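Comments concern the structure below.
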């Protein structure tokens, strides 16, 4: 079906004529040509002489150009048949800790030592992009919590924004309670039993303004299930402890994360390496979706390039007519074509008229 997305644009159609009435007439700076025998020419031609082309012939190219521009601005489009969109009904937010401790390189990925955040980006990025039919979103938190990506079906973009996350972008501390509060604010308007928060952290709450257990009780009241993931290798198995003098895994507050999961009806996971985090991802993949009202979308094919191309072509022809006078287009619009007398040899008739007057 053909339609204009912005049909109100056509209300601008009389704008050039309104501006012509309001603005003063431009002065060409050239004197007018006066012909002393104009009355004789009119008598021979049997019609009134015009100084210019007829108004409609002068304005036709510009009117057509203006019409093409308005059609393009109104966004013509061809709408296809409605197509169903797969929607499981689950709204899933992932809150990722980007505090300084997430830069600790105690994780393994493809036989290489990587930081905790790098491993989360690899595996949870795949998890987000595979959530076909889910709305997914991303929260980054440190000293404060920020919504990096709202709930959307565009899972690839959320994956890209997770990959672009950097350590310390939200501060050096860990505000778990603020992250839960921000997620609750975004999920509370969604249908019940379809709200899920995956919380990834490697430390204890040491920042923010909301206590994590208080935020968890509020989330439970709104039907938000929280799945905390404590990430980091065991202190005794980490090869980086001796080099750096301390292992931030010691700061992981597992009892608090377990309490958050129990309060909201979720489940706590511990990821000590890449294999365990992969197992966590597979477990989350098996969460049962909640049926929701299906949605539909109609594919739209934009057609504005066609009138825009015609407007450009007509503009080029008008410029050629102005800069290159001796061309077929100029001859087509020249006033000789329209003002040429239908009577042959009018010069000879004018000469005979003058001779009669002298007698």
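Numbering (full-length UniProt numbering), first residue to last: 1 to 359. Cβ atoms here follow ideal geometry from the backbone N, Cα and C, with glycine treated the same way. As the structure is a prediction and not an experimental result, all values here were calculated from the model.
**OP:** Determine contact between the segment 133-144 and the segment 109-117, defined as no fewer than three beta-carbon pairs at a distance below 8 angstroms.
**Re:** no
Original post:
When burial is assigned at 16 or more other CB atoms within 10 Å of the CB, is residue 185 buried or exposed?
Top reply: exposed
**OP:** Pick helix, strand or coil for residue 121, following the three-state DSSP scheme.
**Re:** helix
**OP:** Compute the Euclidean distance between the alpha carbons of residue 283 and residue 299, then round it to the nearest angstrom.
**Re:** 35 angstroms
Subject >> CB of residue 264 within 8 angstroms of CB of residue 302, strictly >> reply: no
Subject >> Nonlocal neighbours in the same chain, by C-beta distance under 8 angstroms from residue 312, ignoring five residues either side >> reply: none
Original post:
For the 8 angstroms Cβ check, are there 3 or more pairs between the segment 88-102 and the segment 56-70?
Top reply: no
Original post:
Is residue 269 helix, strand or coil by DSSP?
Top reply: strand
Subject >> Beta-bridge partners of residue 107, as assigned by DSSP >> reply: 114
Original post:
When the Cα of residue 6 is compared with those of 199, 71, 19 and 40, which residue comes out closest?
Top reply: 71
Original post:
Taking buried to mean at least 16 other C-beta atoms within 10 Å of its own C-beta, is residue 128 buried or exposed?
Top reply: buried
Subject >> Exposed unless 16 or more other CB atoms sit within 10 angstroms - verdict on residue 152 >> reply: exposed
**OP:** Can you grab the Cα-Cα spacing for the pair residue 117 / residue 82, in whole Å?
**Re:** 41 angstroms
**OP:** Could you tell me the distance, in whole angstroms, from the CA atom of residue 130 to the CA atom of residue 270?
**Re:** 22 angstroms
Subject >> Chain-order list of residues whose beta-carbon lies under 8 angstroms from that of residue 224 (same chain, five-residue window excluded) >> reply: 183, 184, 187, 188, 195, 196, 197 and 264
Subject >> Contained beta strand (DSSP E) runs [length at least 3] in the segment 171-233, N- to C-terminal order >> reply: 195-201 and 224-231
**OP:** Give the DSSP-derived three-state secondary structure of residue 251 in the structure shown.
**Re:** helix
Original post:
Three-state secondary structure (DSSP) at residue 164?
Top reply: coil
**OP:** Pick out whichever of 94, 123, 281 and 90 has its Cα sitting closest to the Cα of residue 200.
**Re:** 94
**OP:** Identify whether residue 282 lies in helix, strand or coil by the three-state DSSP scheme.
**Re:** helix
**OP:** Using the Cα positions of residue 316 and residue 18, report the straight-line distance between them to the nearest angstrom.
**Re:** 25 angstroms
Subject >> For residue 307, three-class secondary structure by DSSP >> reply: helix
Original post:
So what does residue 360 bridge to, in DSSP terms?
Top reply: In the structure as shown, the chain begins at 1 and stops at 359. Residue 360 is therefore absent and cannot be evaluated.
Original post:
For residue 79, which of helix, strand or coil comes out of DSSP?
Top reply: strand
Subject >> Straight-line Cα distance separating residue 170 from residue 147 >> reply: 11 angstroms
Subject >> Contact check, residue 205 vs residue 253, beta carbons under 8 angstroms >> reply: yes
Original post:
What's the gap between the Cα of residue 79 and the Cα of residue 211?
Top reply: 50 angstroms
**OP:** Go through its chain and collect everything with a Cβ distance to residue 69's Cβ below 6 angstroms, but skip five positions before and after it.
**Re:** 311
**OP:** State the DSSP-derived secondary structure class of residue 4, mapped to helix, strand or coil.
**Re:** strand
Original post:
For residue 74, which three-state DSSP category applies?
Top reply: coil
Original post:
Leaving out the 5 sequence neighbours to the left and right, which residues in its chain are closer than 8 angstroms to residue 203 when beta-carbon positions are compared?
Top reply: 97, 99, 101, 174, 248, 251, 252 and 253
Subject >> Beta-carbon separation (whole angstroms), residue 232 vs residue 106, contact threshold 8 angstroms >> reply: 6 angstroms
Original post:
In angstroms, rounded to a whole number, what distance separates the CA positions of residue 181 and residue 91?
Top reply: 16 angstroms
Original post:
With C-beta atoms as the reference, is residue 120 less than 8 angstroms away from residue 138?
Top reply: no
Original post:
Would a C-beta distance cut-off of 8 angstroms place residue 2 and residue 74 closer than the cut-off?
Top reply: no
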